[in-house]
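Written out below as structure tokens is the structure these notes cover.
Numbering (my numbering), first residue to last: 97 to 227.
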């Protein structure tokens, strides 16, 4: 007789219930990334303009940033997030659109903090575009 093998069911991961969190928006000239974390910095959800279905030059639009922020906010709300502190980094066009989208998704915004790194005359910037 063959031995019966015990089947191990994959344990479903329990969702953390985190009422307060942080939202990090990194907005570059080419894309916008939105990440929601708990207060310790552990990632709860994330999304980007590319993962929201936009490719090429459409990734850099404010509409793509708002879609990415909305997608990440809905995933974060499944973890119980209700209020967030928003940290914005970068010079891109999707900054304000992403913040507005987080608010309209139903999350309360406690503070908006700009953490864009500013060099004290560091690296030489890229040359100006000639179109």
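For each residue, glycine too, the CB sits at the ideal point set by N, CA and C.
- Under the three-state reduction of DSSP output, residue 149 falls in the coil class, being neither helix nor strand.
- Burial check for residue 125: the Cβ neighbour count within 10 Å stays below 16, so the residue is exposed.
- Closest option to residue 182, judged by alpha-carbon separation, among 120, 147, 159: 120.
- By the Cβ-count criterion, residue 190 is buried, with 16 or more other Cβ atoms from all chains shown falling within 10 Å of its own Cβ.
- Listed in chain order, the beta strand (DSSP E) runs fully inside the region 142-215 are 179-185, 204-210, counting runs of at least 3 residues.
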